[in-house]
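In this note's numbering, the protein residues as written are 143 to 370.
Quick reminder that beta carbons are idealized off the backbone N, C-alpha and C, glycines included.
Everything on this sheet refers to the single structure shown next.
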Amino acid sequence: MSALLAAEGVGRRLPAENVTLVSDVTLSFAAGEFVAITGPSGSGKSSLLYLLGLLDRPTEGRVLLEGRDTARLSPADLAALRLARLGFVFQFHFLLPEFSALDNVLIPIRRRGALEGRAARERAMALLDSLGLADAAQKLPEQLSGGMRQRVAVARALANDPALILADEPTGNLDTRNAAQVFDIFARLVAEQKRTVIVVTHDADLAARAARRVHLVDGRVVSDEAQR
Ligand SMILES: Nc1ncnc2c1ncn2[C@@H]1O[C@H](COP(=O)(O)OP(=O)(O)OP(=O)(O)O)[C@@H](O)[C@H]1O
Ligand SMILES: [Mg+2]
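Pasting the structure below:
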């Protein structure tokens with residue numbers, strides 16, 4: 143069976159600045175994997191996540207999603223593929239402040255257009271409910287706690303039923319309890335729904351909860367190990 147996502151000899155250079163962000167990364171991720179990417183500040187974790195998430199293109203090597211070489215795809219095709227198959231969570235929630243939690247989750251569903259009207263609303267409500275946010279649906283982001291806002295961001299990432307969730311320091315602004323809750327959600331998405339979660343974190347305790355840990359130094363993978 144082919145991997146859900148694969149990086150083959152991936153590198154990312156900024157020729158103008160003569161900077162190398164990522165070098166010669168070969169990694170493969172199967173459905174149902176929970177992977178932590180760790181490494182010191184500046185080691186290229188975010189850069190690698192953007193390449194894996196098709197938000198940036200490698201200058202060397204290639205990234206395959208579900209066996210498709212994404213280098214051949216136009217920016218519009220890449221955007222459509224991201225919207226349909228990938229979900230992103232960042233350190234900052236990036237919810238739209240003037241929209242309710244429900245509408246923030248509905249926006250990507252409507253943009254994709256696979257569900258309409260009532261079906262779209264029902265999907266968004268079910269996602270919020272599954273994350274303990276049913277009562278928050280009509281609230282604006284500013285009316286929610288930081289932990290709740292980040293869970294709305296997770297609901298939004300799940301809006302179009304993605305195979306793969308990519309998260310960059312998703313707990314960076316959360317206290318220990320809310321951070322653990324986000325990791326509980328990720329673990330559940332993997333165990334119960336066979337989604338793949340790739341999460342960048344500098345928190346060693348949280349990284350230890352992933353089944354696999356990829357460690358970067360200077361843009362290179364220095365270890366890739368199964369944990370417990
Ligand atoms: N546009 C850019 N121009 C020049 N250097 C850059 C640019 N973007 C990133 N870098 C450098 O590339 C390296 C990798 O950056 P990246 O943000 O991927 O690291 P990181 O592991 O995510 O760091 P952090 O833990 O601080 O988030 C860093 O040394 C960074 O300063
Ligand atoms: Mg980073």
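So, using beta-carbon positions, are phenylalanine 176 and threonine 338 closer together than 9 Å?
Stepping through the sequence shown from its first residue, residue 176 is reached at position 34. Stepping through the sequence shown from its first residue, residue 338 is reached at position 196. Yes. Within cutoff.
Under the DSSP definition of a beta bridge, which residues are partnered with threonine 162?
Within the sequence shown, the letter at position 20 stands for residue 162. In DSSP, threonine 162 forms a bridge with Arg155.
DSSP three-state call for alanine 278: helix, strand or coil?
Translated into the one-based positions of the sequence shown, residue 278 becomes position 136. Reduced to three states, the DSSP call for alanine 278 is helix.
Name, in chain order, the residues that DSSP records as bridge partners for glycine 229.
Numbered from 1 along the sequence shown, position 87 holds the residue referred to as residue 229. DSSP, once it has assigned bridges, lists Ile307 as partnering glycine 229.
What residue range does the beta strand (DSSP E) around aspartate 345 cover?
In the sequence shown, counting from the first residue as 1, residue 345 sits at position 203. Run containing aspartate 345: none; DSSP gives neither H nor E here.
In DSSP terms, what arginine 243 is bridged to
Start at 1 with the first residue of the sequence shown, and residue 243 comes out as number 101. Going by the sequence as given, residue 243 is alanine instead of arginine. Paired residues: none, contrary to the question.
Reference alanine 299; option with closest CA among Gly314, Gly288, Leu282, Ala266
In the sequence shown, the residue the question calls residue 299 occupies position 157. Comparing Cα positions, the closest option is Ala266.
In the DSSP assignment, the alpha helix (DSSP H) including phenylalanine 328 goes from what residue to what residue?
Taking the first residue of the sequence shown as position 1, residue 328 is located at position 186. Taken as a continuous stretch (DSSP letters only), the alpha helix (DSSP H) holding phenylalanine 328 covers 318 to 335.
Given a cut-off of 9 Å, decide if alanine 295 and histidine 235 are closer than it, judged by their beta-carbon atoms.
The sequence position of residue 235 within the sequence shown is 93, counting from 1. The sequence position of residue 295 within the sequence shown is 153, counting from 1. Yes, these two residues count as a Cβ contact at 9 Å.
List the endpoints of the continuous beta strand (DSSP E) containing alanine 297.
Residue 297 sits at position 155 when you count from the first residue of the sequence shown. Per DSSP, alanine 297 belongs to no beta strand (DSSP E); it is in the alpha helix (DSSP H), 288 to 299.
May I ask you to check if the CB of aspartate 360 is nearer than 8 Å to at least one heavy atom of ligand 2?
To locate residue 360, count along the sequence shown from 1; it is residue 218. Incorrect: aspartate 360 has no Cβ contact closer than 8 Å to ligand 2.
Quick check: leucine 169 and glycine 186, are their CB atoms within less than 9 Å of each other?
One-based indexing of the sequence shown puts residue 169 at position 27. One-based indexing of the sequence shown puts residue 186 at position 44. Not closer than 9 Å, so no.
Is it the case that the CB of aspartate 345 approaches a heavy atom of ligand 2 more closely than 8 Å?
In the sequence shown, the residue the question calls residue 345 occupies position 203. Outside the cutoff, so no.
Does the beta-carbon of proline 182, which I'm using as the reference point, lie nearer than 8 Å to any heavy atom of ligand 1?
Within the sequence shown, residue 182 is the residue found at index 40, counting from 1. Yes, Cβ of proline 182 sits closer than 8 Å to a heavy atom of ligand 1.
Measure from the alpha carbon of leucine 245 to the alpha carbon of each residue in Arg254, Arg155, Ser216, Arg263, then state which is nearest.
On the sequence shown, residue 245 is found 103 positions in, with the first residue counted as 1. Correcting the residue type first, residue 245 is aspartate in the shown sequence and not leucine. The candidate whose alpha carbon is nearest that of aspartate 245 is Arg263.
Sorted by chain position, which residues of the same chain lie with C-beta nearer than 7 Å to glycine 288's C-beta, five sequence neighbours on each side aside?
One-based indexing of the sequence shown puts residue 288 at position 146. Within the same chain, glycine 288 has close Cβ partners Asn315, Leu316, Asn320.
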